[in-house]
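Step one of this worksheet: look at the structure below.
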Amino acid sequence: MIYLDNGATSWPKPESVVEAVEKALRAPASPGRSGHKAAHAASRSVHRARKGIAKIFGVKDPERVAFTPNVTWAVNAALWGLGLKEGDHVLSGALEHNSTARPLRRLERGRGAAWERVDPGPDGILDPEEFRRRLRPETRLVVINHASNVTGALAPAREIKEAAGEVPILVDTAQTAGSVPLDDMGQWADFICFTGHKGLLGPTGTGGLCVKEGARFSPLAVGGSGSRSESLEHPDFLPDALEAGTHNTHGLAGLAAAAEFLLETGIDRIREHELALAELFMAGALQASGLRILGPQPGDRRRVATVSVTLEGYSSSDLARILEEGYGIMTRAGLHCAPLTHQACGSFPGGSVRFSFGYFNTFQEAEAAAGALREIAAKPRAAGLS
Amino acid sequence: MTGASGEIILVFPSNTRILEAEDLLEEMGLPFILVPVPKEVNPNCGLAISFLEDDRDLVLAPLREAGLRPQAAYLRKGDLFAGYDLNWNEASGGTGSSDAALD
Ligand SMILES: Cc1ncc(COP(=O)(O)O)c(C=O)c1O
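If you're matching them up, the sequences are chains A and B in order. Numbering-wise, the numbering used here comes out as the position in the first sequence, counting from 1, plus 7. Numbering-wise, the numbering used here comes out as the position in the second sequence, counting from 1, plus 238.
Have a look at this one:
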C-alpha cells in the first residue's frame with residue numbers, strides 16, 4: 008500500500024506519538040481538575056503540548072494557545088466569537104476549505120455580514136495587492152487558508168497581513184503546520200488555527216487556536232475549566248476561556264510528542280523532503296498524456312506537497328479507484344471539501360485526484376505514483392472500469 | 239514543610255500559569271513543592287506552589303522576572319493561614335501577560 012492522502016490525515020504517526028497516547032490511556036487523567044499527582048501529570052502533558060505548539064508557531068506565551076477538537080472548531084470559535092454582524096465586511100481568499108467557508112456563509116446569511124472572496128492569479132497564488140484594494144473601512148477580518156488542500160498553493164499570508172494593516176487576520180494552517188516553518192507566525196497573525204492530525208503528525212481530535220494579544224472576543228462554549236470554580240462566570244483569561252470541558256488528554260499527549268518530533272527533526276528539513284517528493288511526482292506525472300496539474304506548476308516553491316491532477320477521459324472517482332485497485336495507491340478524489348477552490352481552478356464539479364505527500368513517504372513511492380498515472384494514461388480506455 | 243519559619247503558598251490565576259511557574263522553578267533547581275490549593279482560604283481547584291518562608295527571595299525573584307504573578311499568597315504556620323504581602327513589583331515584564339482577552 009502507498010499512502011498518499013496525508014492532506015486528509017497524516018500516516019504513519021511517529022512511534023513516539025503512538026507510545027505517548029498509549030501511556031496516557033493507561034494513566035488516570037483529568038488535567039487541572041484535582042490536586043493529586045495523576046491529575047497533575049495529565050496537566051503537565053497538556054502543557055507540554057501547549058509549549059510545543061507555541062514553539063512551532065513562534066507564540067511567545069504558551070497561555071495564548073487554546074486547544075479545540077480540530078481546526079474547524081478553532082475557526083468557528085474565532086469567527087463566532089468576534090461577533091460579526093450586519094455592516095461588517097470579511098475578506099477571504101477563494102481557496103478556502105469548507106471549515107472556514109461554511110461558517111462565513113452562515114455569518115453572511117444569518118448575521119448579514121458581507122463576505123468577499125479574492126481569486127488567485129493565473130499561477131494559482133493569491134495576490135496581497137488584491138487584498139489591499141478590496142479593504143474597506145468596515146473590514147473586520149481577513150481569512151486565509153494558508154495552503155490550499157486542493158492545489159497545494161501557499162498563500163502569501165504575511166504579505167496579506169501587511170496589506171491588511173490593522174485588520175486582524177485568521178490563518179487556517181491545516182495544510183502547512185508541521186510541513187512549512189511557521190515560527191514567525193505568532194508575531195503577526197491574530198488568530199492561528201491548527202489541526203493536530205495532519206502535518207503536525209498528532210492524533211485526530213486535537214487542534215486549536217493561538218490568539219494574539221489584544222484580540223477581543225467571547226467564547227463559543229463555557230463550562231467547567233478547573234479554574235475559578237467558585238464562580239458561575241466562565242474565566243475570561245486564556246487558555247481557560249476557550250477550553251470548556253475536559254481536554255482530550257490522550258490526544259494531546261500524542262500531540263506533545265508529535266511537536267517534539269517535529270522540532271527535533273526540523274520543520275525546514277521536513278519541508279525540503281516533502282517538496283522534493285512533490286517535484287519528483289509532478290515531473291513524472293506530467294509525462295502522462297492528458298494530465299493536468301491544478302495550481303502551481305513544477306519548479307514553483309510556493310506550494311506544499313499536495314498535488315491535484317485531472318486526467319483526460321477519467322472522472323476523478325474512477326481514477327482514484329483504478330489507482331487503489333490496480334496499484335494500491337491511496338489518494339483522494341472529488342472536491343476535497345473545497346468547492347470554491349475547484350470553481351477557481353475550473354475543476355468544478357468533477358473535482359480532481361489529490362496526491363498528498365508526507366514526511367514518511369519515499370522517493371520510490373512518488374515515482375510509483377507518477378508511473379501509475381503514465382501507465383493508466385497510455386492504456387486504451389475500455390468502457391467502465393479495469 | 240510547616241516548620242518554624244512558616245510555609246508560603248502561592249495560588250495562581252490559572253492552571254497554565256502554575257505549570258509555567260513549576261517549569262521555571264524546576265529548571266532553576268529551586269526548593270518548592272506543589273500542594274493542593276488550601277480550601278481553608280481559597281476556593282480554587284488544582285495546585286499551588288509552596289516553599290519555606292526562608293527561601294522567599296530565591297523563589298520569588300524568577301517568578302517576578304517572568305511576570306508570573308500569583309493571584310494570592312498565604313503564610314501557613316501549622317493550621318493557621320494568613321494573607322501574605324508579596325510586594326509585587328507591577329513594572330515587571332516578561333510573559334504571563336494574558337489579560338482578560340475575552341468579553
Ligand atoms: C485547509 C483545510 N482547512 C481545514 C480543514 C479541516 O480540518 P479538521 O477536519 O481537522 O478540522 C482541512 C482538512 O480537512 C483543510 O485541509
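From the three backbone atoms N, C-alpha and C, an ideal C-beta is built for every residue, glycine too. Remember, predicted model here, so these are calculated numbers, not experimental data.
Proximity of Ser50/A to chain B, defined by a Cβ-Cβ separation below 7 Å, is satisfied. Near chain B, meaning a CB-to-CB distance below 7 Å, no residue of the segment 359–379 of chain A qualifies. Among the CB atoms of chain B, one or more fall inside 7 Å of the CB of Glu237/A. Residue-level contact by beta carbon holds for Asp247/A and chain B, with a gap shorter than 7 Å.
Residues of chain B whose Cβ lies closer than 7 Å to the Cβ of Arg40/A are, in chain order, Cys283. Annotation for Val311/A: no beta strand (DSSP E) segment contains it, and DSSP assigns it neither H nor E.
Between the segment 185–200 of chain A and the segment 157–170 of chain A there are three or more C-beta pairs closer than 8 Å, enough to call the two in contact. Excluding five sequence positions before and after Val174/A, the CB atoms of its chain that fall closer than 6 Å to its own CB belong to Thr146 and Val149, given in chain order. By the CB criterion at 7 Å, Ser50/A and Gly39/A fall inside the cutoff. Non-local C-beta neighbours of Val66/A in its own chain, meaning closer than 7 Å and more than five positions away in sequence, comprise Val72, Gly193 and Cys217, ordered along the chain.
When CB distances to chain A are screened at a threshold of 7 Å, not a single residue of the segment 286–309 of chain B falls below it. Residue pairing for Tyr312/B: DSSP places it in a beta bridge opposite Ile247/B and Gly321/B. Excluding sequence positions up to five before and after Pro19/A, its CB lies within less than 7 Å of the CB of Phe367, all in the same chain and listed in chain order. Distances from the CB of Ser186/A to the heavy atoms of ligand 1 are all 6 Å or more. Within the same chain, Arg118, Gly119 and Ala120 come within 7 Å of Lys92/A by CB-CB distance, once the 5 residues on both sides are set aside. Below the 9 Å Cβ cutoff, chain B contributes Thr254 and Leu257 as neighbours of Arg57/A, in chain order. Residue-level contact by beta carbon holds for Glu70/A and chain B, with a gap shorter than 7 Å.
By the Cβ criterion, the segment 354–363 of chain A is in contact with the segment 11–29 of chain A, since at least three pairs of Cβ atoms, one from each stretch, lie closer than 8 Å. Distances taken from the Cβ of Asn13/A to the heavy atoms of ligand 1 include none shorter than 6 Å. In terms of Cβ geometry, Gly131/A and Pro303/A form a close pair [threshold 7 Å]. The beta carbons of Ala228/A and Ala251/A sit closer together than 7 Å.
Residue Ala181/A holds the alpha-carbon nearest to the alpha-carbon of Trp80/A among Glu123/A, Ala181/A and Ala45/A. Under a criterion of Cβ atoms nearer than 9 Å, no residue of chain B is adjacent to Gly65/A; the nearest Cβ is some 14 Å distant. Distances from the CA of Glu374/A to each of Lys62/A, Ile60/A, Arg112/A and Ala292/A were compared; the closest alpha carbon is that of Ala292/A.
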